[in-house]
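Below is one structure, written out as structure tokens; comments come after it.
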Amino acid sequence: DAGVIQSPRHEVTEMGQEVTLRCKPISGHNSLFWYRQTMMRGLELLIYFNNNVPIDDSGMPEDRFSAKMPNASFSTLKIQPSEPRDSAVYFCASSLALAGASSTDTQYFGPGTRLTVL
Amino acid sequence: GQQVMQIPQYQHVQEGEDFTTYCNSSTTLSNIQWYKQRPGGHPVFLIQLVKSGEVKKQKRLTFQFGEAKKNSSLHITATQTTDVGTYFCAGHPAETSYDKVIFGPGTSLSVIP
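Protein sequence lines, in the order shown, are assigned to chains C and H. Residue numbers for the first sequence follow the numbering used here, so the first one is 120 and each next one is one higher. Residue numbers for the second sequence follow the numbering used here, so the first one is 12 and each next one is one higher.
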């Protein structure tokens with residue numbers, strides 16, 4: 120199993136530019152999460168998809184951030200325009216959420232994308 | 012809002028010493044998960060606790076879930092340099108119907124050889 124795949128692994132861009140982060144979840148998983156990790160704020164959940172539908176986007180910082188999941192094997196997180204305070208490591212994670220299950224399923228994290236906005 | 016806290020934030024131990032990190036939730040949890048993140052790496056799932064008062068062991072690691080299902084702890088016996096990393100607890104609020112967990116800020120463990 121290839122695990123969760125994220126691209127690019129590193130991204131350096133200038134303030135004002137558009138940034139698109141990509142994620143391929145584990146095949147068969149039906150839940151996908153985007154997280155942002157910084158020293159100051161720790162690991163923050165940005166948005167959560169279940170069966171390709173956004174369920175909770177309350178963590179999305181502002182309108183500059185958007186996420187899509189056009190199919191079960193691909194998701195994107197877009198920042199437009201980017202700002203220096205968006206610099207962070209962005210993780211994508213996937214899990215297999217079983218309907219009616221009493222426990223939460225294990226989240227498998229990708230290697231992350233380290234974003235630097237100059 | 013729902014919060015998950017962890018203490019301590021940092022812990023430096025001599026190799027061979029024990030280590031404990033504590034996790035506390037502002038709300039009752041249906042279950043709690045623990046993850047480990049090595050420096051420069053990504054969080055990796057360690058274990059999930061579901062039952063009140065549950066205790067689970069993985070070699071030198073002991074995980075506990077409180078009776079009230081609002082707190083948890085991770086204890087490492089005789090730390091090794093391979094234990095270095097940040098340990099996160101992640102709680103699933105009992106009133107949340109979907110598959111969302113709230114991560115604590117983590118405890119960063121350093122082991123001095």
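The beta-carbon is built from N, C-alpha and C at its ideal position, and this holds for glycine as well. This one's a predicted model, so the numbers in the text were calculated from it and none came from an experiment.
Checklist entry - When burial is assigned at 16 or more other CB atoms within 10 Å of the CB, is Ser194 of chain C buried or exposed? => result The residue you call residue 194 of chain C lines up with position 75 of the first sequence. Ser194 of chain C should be labelled buried.
Next on the checklist: Once DSSP output is grouped into helix, strand and coil, what is the label at Thr107 of chain H?
Outcome noted: Taking the second sequence and counting its residues from 1, the one referred to as residue 107 of chain H is at position 96. Looking at Thr107 of chain H - three-state DSSP - the assignment turns out to be coil, as it is neither helix nor strand.
Checklist entry - Since Tyr167 of chain C meets chain H, which of its residues come closer than 7 Å, beta carbon to beta carbon? => result Translated into positions along the first sequence, residue 167 of chain C becomes position 48. Those within 7 Å of Tyr167 of chain C in chain H are Lys111.
Next on the checklist: Quick check on Thr195 of chain C: does DSSP put it in helix, strand or coil?
Outcome noted: Here residue 195 of chain C refers to the residue found at position 76 when the first sequence is read from its first residue. Strand at Thr195 of chain C.
Checklist entry - Are at least three pairs of beta-carbons, each pair with one atom in the region 205-216 of chain C and one in the region 76-91 of chain H, less than 8 Å apart? => result No contact exists between the region 205-216 of chain C and the region 76-91 of chain H.
Checklist entry - Excluding five sequence neighbours on each side, which residues of the same chain lie with their C-beta closer than 7 Å to the C-beta of Gln156 of chain C? => result Within the first sequence, residue 156 of chain C is the residue found at index 37, counting from 1. Closer than 7 Å at the Cβ level, and outside the excluded window around Gln156 of chain C, lie Leu162, Ala207, Val208 and Phe210.
Item to check | CB contact flag (Glu130 of chain C, Val123 of chain C, <8 Å) | outcome: Walking along the first sequence from the start, residue 130 of chain C turns up at place 11. Walking along the first sequence from the start, residue 123 of chain C turns up at place 4. No, the Cβ-Cβ distance between Glu130 of chain C and Val123 of chain C is not below 8 Å.
Checklist entry - So, Asn35 of chain H versus Lys81 of chain H, is the Cβ gap smaller than 8 Å? => result Mapped onto the second sequence, residue 35 of chain H falls at position 24. Mapped onto the second sequence, residue 81 of chain H falls at position 70. Contact flag set, yes.
Checklist entry - When the cut-off is 8 Å and only beta carbons count, does Gln22 of chain H lie next to chain C? => result Taking the first residue of the second sequence as 1, we reach residue 22 of chain H at position 11. By this cut-off, Gln22 of chain H is not an interface position.
Checklist entry - Using a beta-carbon distance below 8 Å, is Pro116 of chain H in contact with chain C? => result Numbered from 1 along the second sequence, position 105 holds the residue referred to as residue 116 of chain H. With its beta carbon less than 8 Å from one in chain C, Pro116 of chain H belongs to the interface.
Checklist entry - Thinking C-alpha only, which one of C:Ser185, C:Ser192 and C:Pro189 is nearest Pro200 of chain C? => result Against the first sequence, residue 200 of chain C aligns to sequence position 81. Measuring C-alpha to C-alpha distances from Pro200 of chain C to each of C:Ser185, C:Ser192 and C:Pro189 identifies C:Ser185 as the nearest.
Checklist entry - Given that a residue counts as buried once 16 or more other Cβ atoms are within 10 Å of its Cβ, and exposed if not, what is Met188 of chain C? => result Start at 1 with the first residue of the first sequence, and residue 188 of chain C comes out as number 69. Result: buried.
Next on the checklist: Bridge partners for Gln102 of chain H per DSSP, in chain order?
Outcome noted: Along the second sequence, read from residue 1 onward, the residue named residue 102 of chain H stands at position 91. First, the amino acid is wrong: residue 102 of chain H is Gly here, not Gln. Assignment of beta-bridge partners to Gly102 of chain H by DSSP yields H:Ile43 and H:Ile113.
Checklist entry - Given a threshold of 16 other Cβ atoms within 10 Å of its Cβ, counted over all protein chains shown, does Asp182 of chain C qualify as buried or as exposed? => result Against the first sequence, residue 182 of chain C aligns to sequence position 63. Answer is exposed; the Cβ neighbour count stays below 16.
Checklist entry - Ends of the beta strand (DSSP E) at Asn35 of chain H? => result One-based indexing of the second sequence puts residue 35 of chain H at position 24. Phe30 to Ser36 is the extent of the beta strand (DSSP E) around Asn35 of chain H.
Next on the checklist: Assuming contact is defined by CB atoms lying nearer than 8 Å, are Leu237 of chain C and Met134 of chain C in contact in what I supplied?
Outcome noted: Position 118 of the first sequence holds residue 237 of chain C. Position 15 of the first sequence holds residue 134 of chain C. Yes, the pair counts as a contact, with Cβ atoms nearer than the cut-off.
Checklist entry - Which bits of chain C does Gln13 of chain H rub up against, with CB to CB less than 8 Å? => result On the second sequence, position 2 is the one that residue 13 of chain H refers to. Against chain C, a Cβ distance below 8 Å from Gln13 of chain H picks out nothing, because the smallest value is about 11 Å.
Item to check | Any chain H beta carbon closer than 8 Å to Gln199 of chain C | outcome: By one-based count along the first sequence, residue 199 of chain C stands at place 80. Chain H contact via Cβ: absent.
Next on the checklist: I'd like to know if Leu234 of chain C contacts chain H, where contact means its C-beta is closer than 8 Å to some C-beta of that chain.
Outcome noted: Counted from its first residue, the first sequence places residue 234 of chain C at position 115. False, the Cβ-Cβ gap to chain H never drops below 8 Å.
Next on the checklist: Given 7 Å as the limit, tell me if Met159 of chain C has its C-beta closer than that to any heavy atom belonging to the ligand GTP.
Outcome noted: This structure lacks the ligand GTP, and indeed carries no ligand of any kind.
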